[in-house]
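K.L.:
Heads up, the sequence shown is in the working numbering, so the first residue is 20 and it goes up one at a time.
Supplied in structure tokens, the structure appears directly below.
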Amino acid sequence: MRNLGGFLFWACKMAKTFFTSDTHFNHANVIKYCARPFGSLEKMNREMIARWNAVVGAEDTVYHLGDFAMGKPSEWPNFLRQLNGAKKILIRGNHDRSRRQMLEGGFSEVHEKLEWEGWLLQHHPINTPRKLLCGHIHEKWRRIGWIINVGVDVWGFTPRTIEELIKAEESPREYKCRSCGATLKRLEDNSGHHDGKCAANKPQ
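What follows is the structure, given as structure tokens:
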């Protein structure tokens, strides 16, 4: 922060807020159950971390709407440490452990549900006239009216801002190359999935 002519200017960019759900880190079977485009558990974990960090900065806030990880709770802090964000706030899902365990695992806050700027945030979708952000349903649908599924399976395995979410069409999931934006059939290492024709790799 610096003072120029009586005005304060912040050197850092304005922090953003992101939403996501149902990452299911360390859950091998979710690849089969939800037809996730990864060849192994390790590749899924690595790619989701990379996609999170490609959009979330060090000063940003992320609301995770449940089902963060599976397996041993002792392994979860390792995932959180690798994920960007000044605050990572969890809305507990049906696969998450107790509030105490999730706080000990590294989340800044843990809630059952939460109000955020006129939106209700909770894990399960419900029939409601209110604006709702939810998860739980994985790839089943992206949006019904003002009920929006923020789960990674319909958002390219990437956290999204509220502006991106409210522009959503009721369309299937999208897999995009992080480098050039081309549509991918598989995400795994983000290379070689569109016949080596990544625009980012073309000579200038």
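The beta carbon of each residue, even a glycine, is placed where N, CA and C say it ideally should be.
From A30 to D79, what does the alpha carbon distance come to, in whole angstroms?
P.N.:
As a first step, residue 30 must be located in the sequence shown, where it is residue number 11. As a first step, residue 79 must be located in the sequence shown, where it is residue number 60. Any reading at A30 must be qualified, since the residue scores a pLDDT of 39, below 50, and its modelled position is unreliable; the value itself is stated next. When rounded, the distance between both Cα atoms is 15 Å.
K.L.:
Pull up the distance between the alpha-carbon of G164 and that of N103, whole angstroms please.
P.N.:
Here the question's residue 164 lines up with position 145 in the sequence shown. Here the question's residue 103 lines up with position 84 in the sequence shown. Spanning the two alpha carbons is a distance of roughly 31 Å.
K.L.:
If you drop the 5 nearest sequence neighbours on each side, which residues of the same chain put their C-beta closer than 6 Å to that of K106?
P.N.:
For the purposes of this step, residue 106 is taken as residue 87 along the sequence shown, with counting starting at 1. So the list reads T80, S127, once near-sequence residues are dropped.
K.L.:
Taking 7 Å as the limit between beta carbons, can you name the residues of its chain near R116, skipping five residues before and five after?
P.N.:
For the purposes of this step, residue 116 is identified with residue 97 of the sequence shown, where counting begins at 1. Excluding positions up to five away in sequence, the list reads P92.
K.L.:
Measuring only the C-alpha atoms, how far is P191 from R118?
P.N.:
The count along the sequence shown starts at 1 and reaches residue 191 at position 172. The count along the sequence shown starts at 1 and reaches residue 118 at position 99. Residue confidence for P191 is low, a pLDDT of 47 falling below 50, so the modelled location carries little weight; the figure read from the coordinates is stated next. Their Cα atoms are separated by approximately 33 Å.
K.L.:
Could you tell me which whole alpha helix (DSSP H) segments of length 4 or greater appear in the segment 110-186?
P.N.:
Whole alpha helix (DSSP H) segments, 4+ residues: 118-123, 181-185.
K.L.:
Quick one: what's F37 bridged to in DSSP?
P.N.:
Taking the first residue of the sequence shown as position 1, residue 37 is located at position 18. BP columns for F37 point to V81.
K.L.:
Which class does F57 belong to by DSSP, given the choice of helix, strand or coil?
P.N.:
Counted from its first residue, the sequence shown places residue 57 at position 38. Coil, per DSSP.
K.L.:
Measuring alpha carbon to alpha carbon, tell me which of M33, S59, N64 ends up nearest V171.
P.N.:
Residue mapping note: residue 171 aligns to position 152 of the sequence shown, counting from 1. For V171, the nearest C-alpha among the options comes from N64.
K.L.:
By DSSP's criteria, A88 is part of a beta bridge. Which residues make up the other side?
P.N.:
What you label residue 88 is simply residue 69 of the sequence shown in a count that begins at 1. F44, per the DSSP bridge assignment.
K.L.:
Since L99 is in the alpha helix (DSSP H), which residue starts that stretch and which ends it?
P.N.:
The residue given as residue 99 occupies position 80 in the sequence shown. Taken as a continuous stretch (DSSP letters only), the alpha helix (DSSP H) holding L99 covers 95-101.
K.L.:
Tell me, please, whether the segment 51-58 touches the segment 141-155 by the rule of three or more beta-carbon pairs shorter than 8 Å.
P.N.:
No, the segment 51-58 is not in contact with the segment 141-155.
K.L.:
Quick check on this structure: which residue in G137, H43, W71, I166 has the alpha carbon closest to the alpha carbon of N146?
P.N.:
Taking the first residue of the sequence shown as position 1, residue 146 is located at position 127. When only C-alpha atoms are compared, the closest one is I166.
K.L.:
In its own chain, which residues sit with a C-beta less than 8 Å from the C-beta of R100, not counting the 5 before and 5 after it?
P.N.:
Residue 100 sits at position 81 when you count from the first residue of the sequence shown. Here the set comprises G125.
K.L.:
If you draw a straight line from the C-alpha of M121 to the C-alpha of T42, how long is it?
P.N.:
The residue you call residue 121 lines up with position 102 of the sequence shown. The residue you call residue 42 lines up with position 23 of the sequence shown. Taking the straight line joining both Cα atoms gives about 15 Å.
K.L.:
On the criterion of 16 or more Cβ atoms from any shown chain inside 10 Å, does M67 qualify as buried, or is it exposed?
P.N.:
Residue mapping note: residue 67 aligns to position 48 of the sequence shown, counting from 1. Buried, since its Cβ has 16 or more Cβ neighbours within 10 Å.
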